[in-house]
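Quick note, in the working numbering, the sequence shown goes up one by one and the last residue is 314. Here a beta-carbon is modelled for each residue, glycine too, at the ideal position from N, C-alpha and C. These numbers come from a predicted model, not from an experiment. One structure is given below, encoded as structure tokens.
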Amino acid sequence: MPSVSLLRATSYDLDRLSASLEELLAPLGGMAAIVKPGDRVLLKPNLLTGARPKHECVTRPELVYCVAKMVQAVGGQPFLGDGPAFGSALGVARNNGYLPFIQELNLPVIEFHGDRYATANPEFAHLRLSKEAMAADVVINLPKVKSHVQLTLTLGVKNLFGCVPGKMKAWWHMEAGKDADRFGRMLVETARAIAPDLTIVDGIIGHEGNGPSGGTPRPLNILGASRDVFALDRALVAILNVDPDRVPTQRAATALGYNYDLSEIDFPLAQPHELAIRDWQLPQQMMPIDFGAPRVLKSTFKHLYIRWIKEPLTAYSQKV
-5 MPSVSLLRAT
5 SYDLDRLSAS
15 LEELLAPLGG
25 MAAIVKPGDR
35 VLLKPNLLTG
45 ARPKHECVTR
55 PELVYCVAKM
65 VQAVGGQPFL
75 GDGPAFGSAL
85 GVARNNGYLP
95 FIQELNLPVI
105 EFHGDRYATA
115 NPEFAHLRLS
125 KEAMAADVVI
135 NLPKVKSHVQ
145 LTLTLGVKNL
155 FGCVPGKMKA
165 WWHMEAGKDA
175 DRFGRMLVET
185 ARAIAPDLTI
195 VDGIIGHEGN
205 GPSGGTPRPL
215 NILGASRDVF
225 ALDRALVAIL
235 NVDPDRVPTQ
245 RAATALGYNY
255 DLSEIDFPLA
265 QPHELAIRDW
275 QLPQQMMPID
285 FGAPRVLKST
295 FKHLYIRWIK
305 EPLTAYSQKV
């Protein structure tokens, strides 16, 4: 029976957040049960965009900082990585206030590079995934609770799509996006291949409405953690009072036999109904998942412009 640790947390104040995370992970054995001395530990936040700071589109840097300190305290070697849709991981992190925390902890920020990895599902014989994620001794997945105009919700499973490097994400939208269920299966198989050792979800302030970036911040006062990303996502869908059949990753996980009924999950702290949100706002209008070739090309050029021209010029003009 997978264990999902849930608790109410109301602040990103570092001392209070650190205490909440210690309480959250205690039923799972604490960080020492997950990270051993010398382990190279990938911290994988949601670094969606640098264009909307303070709109709660990304995992808060305070959460990443506190988790990195916990990893260091047990002898692990954390590093930060993601594959943003536009720009670099460092550029998006910088725009969202990560830099002081990165500098204080001397936390490396790496850009993802791809290689092909076999899966157990013949539908996706090989997936192009981050070599850095696959080579890490431990992967800690740090998603943000958000609504999503294409996938209804983006939680732990969807956050691991960031381990698909570069513009391969846009190409997947074009290749598999015409079939929402196939796209969901691809996301589930990506999550299974990455196999995060721990997922901690940032739900203190979520992002509702027309997410993943065009919605509005919404205090939820929730932290959740599990060693099973599918169990944690199932609990969060219940907390948000969303029908799992509306979420492609939930449908796919159920069809492939990786999902759970709530009765099959152990909740050592709070129960989902104790943290329930009755009026969570989903997107006003859903958008197609598939990208046409012109959109993929436009997206690719935008990414290259931000990554190689805009970000370097911005960094050059700043005093760091």
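Q: Check whether the Cβ atoms of Ile199 and Pro213 sit closer than 8 Å, and answer yes or no.
A: Your numbering for residue 199 matches position 205 in the sequence shown. Your numbering for residue 213 matches position 219 in the sequence shown. Contact flag set, yes.
Q: State the start and end residues of the unbroken alpha helix (DSSP H) segment that holds Thr349.
A: The requested residue 349 does not occur in the structure, where the chain is confined to residues -5 to 314.
Q) Where does Ile263 fall in DSSP's three states? A) On the sequence shown, residue 263 is found 269 positions in, with the first residue counted as 1. Just to set this straight, residue 263 is Leu in the shown sequence, not Ile. In the structure shown, Leu263 sits in coil (DSSP, three-state: anything other than H, G, I, E or B).
Q) Which partner residues does Phe80 have in the DSSP bridge list? A) The residue given as residue 80 occupies position 86 in the sequence shown. Per DSSP, none; premise fails for Phe80.
**Q.** Cβ pair count under 8 Å reaching 3, the segment -5 to 3 against the segment 222 to 238
**A.** They touch, by the three-pair rule.
(Q) In the DSSP assignment, the alpha helix (DSSP H) including Glu117 goes from what residue to what residue? (A) Indexing the sequence shown from 1 puts residue 117 at position 123. Membership of Glu117 in any alpha helix (DSSP H) is not indicated, and neither H nor E is assigned to it by DSSP.
(Q) So, with DSSP's three-state summary, where would you put Asp239? (A) In the sequence shown, counting from the first residue as 1, residue 239 sits at position 245. Asp239 sits in a helix when the DSSP states are folded into three classes.
Q: Could you name each continuous beta strand (DSSP E) segment of 3 residues or more that falls completely within the segment 195 to 262, going from the start of the chain to the end?
A: If we require 3 residues or more, the beta strand (DSSP E) runs fully inside the segment 195 to 262 come out as 210 to 220.
Q: From the DSSP output, in three-state form, read off Asp109 for me.
A: Within the sequence shown, residue 109 is the residue found at index 115, counting from 1. Strand, per DSSP.
**Q.** Gly70 - DSSP class collapsed to helix/strand/coil
**A.** Taking the first residue of the sequence shown as 1, we reach residue 70 at position 76. Gly70: coil per DSSP, three-state reduction.
(Q) DSSP has Gly75 in a bridge; who is on the other side? (A) Your numbering for residue 75 matches position 81 in the sequence shown. Paired residues: Ile104.
Q. Going by DSSP, what residues sit across from Thr148 in a beta bridge?
A. Counting from one through the sequence shown, the residue named residue 148 turns up at place 154. As a beta-bridge residue in DSSP terms, Thr148 pairs with Lys140.
Q: Output the distance between the C-alpha atoms of Thr248 and Arg228, rounded to the nearest integer angstrom.
A: Taking the first residue of the sequence shown as position 1, residue 248 is located at position 254. Taking the first residue of the sequence shown as position 1, residue 228 is located at position 234. Their backbone Cα atoms lie some 10 Å apart in a straight line.
Q) Who does Thr4 pair with in a DSSP beta bridge? A) Within the sequence shown, the letter at position 10 stands for residue 4. Answer is none; Thr4 lacks a bridge partner.
Q) Just curious, the alpha helix (DSSP H) that Leu37 is in, first and last residue? A) Here residue 37 refers to the residue found at position 43 of the sequence shown. No alpha helix (DSSP H) holds Leu37; the beta strand (DSSP E) holding it covers Arg34 to Pro39.
Q. Can you give the Cα-Cα distance for Val29 and Val132, rounded to whole angstroms?
A. Looking up residue 29 in the sequence shown gives position 35. Looking up residue 132 in the sequence shown gives position 138. Their backbone Cα atoms lie some 7 Å apart in a straight line.
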